[in-house]
Every structure is written in structure tokens, then in C-alpha cells.
Amino acid sequence: MFHQRKINMRHVAIYIASMLFLVVLLPYVSIKLFPSLVEHEDGIAYKGEIPKTVKVYITEKKKYETIPFEKYVQGVTASEMPSAFEPEALKAQSVASRTYALGRINSGAKLCDTVHCQVYRSDNISAKVKDAVNETKGQVLLYDGKLASHALYFASSAGKTENSEEVFSGSFPYLVSVSSSYEPGATHKKEKQTMSISTFSSKIKEHMPELNFGKIKRSNIRIKSHSKGGRVKSIKVGQKIISGADVRSALGLYSARFKISFKGQKITITSSGSGHGVGMSQYGANGLAKKGKDYKEILTHYYKGTTVSK
Numbered sequence: 002m003f004h005q006r007k008i009n010m011r012h013v014a015i016y017i018a019s020m021l022f023l024v025v026l027l028p029y030v031s032i033k034l035f036p037s038l039v040e041h042e043d044g045i046a047y048k049g050e051i052p053k054t055v056k057v058y059i060t061e062k063k064k065y066e067t068i069p070f071e072k073y074v075q076g077v078t079a080s081e082m083p084s085a086f087e088p089e090a091l092k093a094q095s096v097a098s099r100t101y102a103l104g105r106i107n108s109g110a111k112l113c114d115t116v117h118c119q120v121y122r123s124d125n126i127s128a129k130v131k132d133a134v135n136e137t138k139g140q141v142l143l144y145d146g147k148l149a150s151h152a153l154y155f156a157s158s159a160g161k162t163e164n165s166e167e168v169f170s171g172s173f174p175y176l177v178s179v180s181s182s183y184e185p186g187a188t189h190k191k192e193k194q195t196m197s198i199s200t201f202s203s204k205i206k207e208h209m210p211e212l213n214f215g216k217i218k219r220s221n222i223r224i225k226s227h228s229k230g231g232r233v234k235s236i237k238v239g240q241k242i243i244s245g246a247d248v249r250s251a252l253g254l255y256s257a258r259f260k261i262s263f264k265g266q267k268i269t270i271t272s273s274g275s276g277h278g279v280g281m282s283q284y285g286a287n288g289l290a291k292k293g294k295d296y297k298e299i300l301t302h303y304y305k306g307t308t309v310s311k
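So the sequence shown is residues 2 to 311, counted in the numbering used here.
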């Protein structure tokens, strides 16, 4: 009996020591090892530390490579925005890309070279892009002193950007709908797809086989609501109401900002803009740069309430 009690007391002592380590020592050690990240109730305070290198999964080689972080930002900026754009637009892109990458790193996510993360290439990077990245070296977007980790961007808005919660599941105070009316040279303006209602029906049903739409016909296809940025939020198709994003995916549209019209048994979908519409419009950034705005002004226009570090 006494021997059993000794064993139980030993277990209790081990349990108490373990809990002390988890509750008291581990947070202390974490802060000492990672001084740039200090946990707060409402997020993580940014203290200015940028990694020297990052590991990026290179799809073609099917392996991770260690790349200097600023070289990675150069490769992303060159891949995600045309190098012919204005220098201030390229600087804005470099800060957004650096911020987004750092957000993924801090969350424990991996980096890759595809659209799943940010497109990255290491070759044929122009001097113009390198200069833009070098001139913003180490700079990131902050909101209320914390990294604006979801610094999203897209090609063109056709007028207004979107509130994040109307496109994705998360709501972020710096990702709100703003005007983006000047987007010179933007591609995918008023693109049209015309098809039979039968073909439209097949594409929708193939994309969402789990839903019972019933018979889809002209009389039961209509847009129900729009987002603040003008994209289709919900649309009635047959017996179901689905999102504009679902229609975009099913038909391969560049944007969920679209209109529908009918002629006989044919439907025409006219879409404007390219991308999800949340965050910075890249053509809009170039338009603002052409108007004389610098990269910080561009960034604070598209990411409301943010500041640029340093």
C-alpha cells in the first residue's frame, strides 16, 4: 500500500512539473527564442524581424530550396505584376508580397512557387523590379501595430474592391471595399460568354453535382443580390440559390462581377475585372502611380487603416 502511494505521488509530481513547463516556462522560452513575435489577446505585435532566408517548394524540381528572403520577394514581384508597370506600383506590390509571405511564415504555413501561395520565379528579373524591392527592403504592412498578414491582391476590379467577408470566410478591418475607378490598360473588360441554356445548365450541374437544381430554364435564372463591390453575391439557378463565385468557377469567368441577359434559349454572361476583388487591385495601383501617388499612398488606399513599417 505504501509502495503504491509512492508511485502515485511520483506521477502527481511529474504531472505538476509538466504543467509548470507548459504554462510558465514554454511561453517564456518562446519569447526569448522569437523576440520579433510577442503574443497579445488581439493578435501578434510586429517587432521588425525579417527572416534572412526562406524555404520555398519548387514545383518543377519537387523539392524545397532555401532562398534569401529578399530574393524571394523579387521573384514574386516579377511574377505577380508586369515589370512594365510604374515603379511606385512595383514597390507597392513588393511590400504586399513581403507582408503576405511573412504572414504565412508566422502562421506555420509553407511557401511554394504557385498561386496557392504566391507565384515565384528566379529567372529574368528586371533591374526595375530589383530596384523596387531593394527600395522597400524589409518593409511590411501593419494594422494597429500588428502584421497585416492577409495583404491580398488581384488583377483588376472594374470599379470597386470587395469587403473580405463577402468573398472569403474571414473579416479583416483593412480589407474593405474602396474605389478603384482608374485602371488604365486593365484586361478582361466586358468579356462575354454566350451559350445555350442547356449548356449553362450542364456546366453548373457538373461543377456542383451534390446539389439538386431540378430543371434549369430561362425563367429560373436570376441574380438575387450584389456585394458592396458590385460582384454577384447570390444567384438563383433552378431550385437553388448559389454564389456568384460558384458561377465564376463553373463557367471559368475571370470575375464574379457579371451580368446576365437572354435571347431566345441562349444566355450571355458579361463579366468585368479579373480576380477575387479583395485587397489591392494591381491595375488600380498602376493607375494611382500614373497619377503621381507613391507606394505608401497606394498601399494605404487599398489596405485601409494600415501603415508601412520603418
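Built from N, CA and C at the ideal position, the CB exists for glycine as well.
Taking 9 Å as the cut-off, decide whether the C-beta atoms of K161 and V134 are in contact.
No, Cβ-Cβ distance for K161 and V134 is not below 9 Å.
Where the beta strand (DSSP E) containing Y144 begins and where it ends
Its beta strand (DSSP E) spans residues 142-144.
State yes or no: is the C-beta of Y296 within less than 9 Å of the C-beta of E89?
yes
The alpha helix (DSSP H) enclosing K297, as first and last residue numbers
296-303
Between S150 and S199, what straight-line distance do the alpha-carbon atoms span, to the nearest angstrom?
Per the coordinates, the alpha-carbon of S150 lies some 43 Å from the alpha-carbon of S199.
How would you call L34, buried or exposed, if buried means at least 16 neighbouring beta carbons within 10 angstroms?
Confidence is the limiting factor: at L34 the pLDDT is only 33, short of 50, which leaves the residue's position unreliable, though a coordinate-based value still follows. Under this definition L34 is an exposed residue.
For S183, name the three-state secondary structure that DSSP assigns.
Here residue 183 turns out to be Tyr, not Ser, going by the sequence shown. Reduced to three states, the DSSP call for Y183 is coil.
Within a Cβ cutoff of 7 Å, which residues of the same chain sit near R105, ignoring the five residues on either side of it in sequence?
L112, C118
Just the Cα atoms here: how many angstroms apart are Q240 and S220?
Just so you know, the alpha carbons of Q240 and S220 end up roughly 11 Å apart.
Beta strand (DSSP E) containing R1: first to last residue?
The structure shown does not extend to residue 1, since the chain is modelled only from 2 to 311, so the question has no answer here.
Assumed close pair T78, A152 - CB separation to whole angstroms, cut-off 8 Å
Between A152 and T78 the Cβ distance is about 13 Å, and since that is not below 8 Å, they are no contact.
So, is P28 buried or exposed, given that buried needs 16 or more other C-beta atoms within 10 angstroms?
Residue placement at P28 is poorly supported in this model, since its pLDDT is 37, which falls under 50; the coordinates still yield a value, given next. Flag for P28 reads exposed.
Exposure label - V57; buried when at least 16 CB within 10 Å
Within a 10 Å sphere around the beta-carbon of V57 sit 16 or more other beta-carbons, which makes this residue buried.
What alpha helix (DSSP H) runs, 4 residues minimum, are completely inside the region 96-164?
Counting whole runs of 4 or more residues, the region 96-164 contains the alpha helix (DSSP H) stretches 128-136.
Per DSSP, what kind of secondary structure is K241 in: helix, strand or coil?
strand
Considering only their Cβ atoms, is the gap separating G253 from A187 smaller than 9 Å?
no
Could you tell me if V116 is buried or exposed, where buried requires 16 or more neighbouring beta carbons within 10 angstroms of its beta carbon?
exposed
Tell me the residue span of the alpha helix (DSSP H) that contains V74.
70-81
Kindly indicate which three-state DSSP category E89 falls into: helix, strand or coil?
helix
Note the first and the last residue of the continuous alpha helix (DSSP H) segment covering F201.
198-208
Is DSSP giving A251 helix, strand or coil here?
helix
Taking the beta strand (DSSP E) that Y58 falls in, what are its first and last residues?
54-59
Is A257 helix, strand or coil by DSSP?
Note: A257 maps to coil in three-state DSSP.
Endpoints, alpha helix (DSSP H) assigned at K291:
283-291
Rounded straight-line distance, which links the Cα of S310 to that of V141
5 Å
Starting from I270, follow its DSSP beta bridges and name the residues at the other end.
Q194, I261
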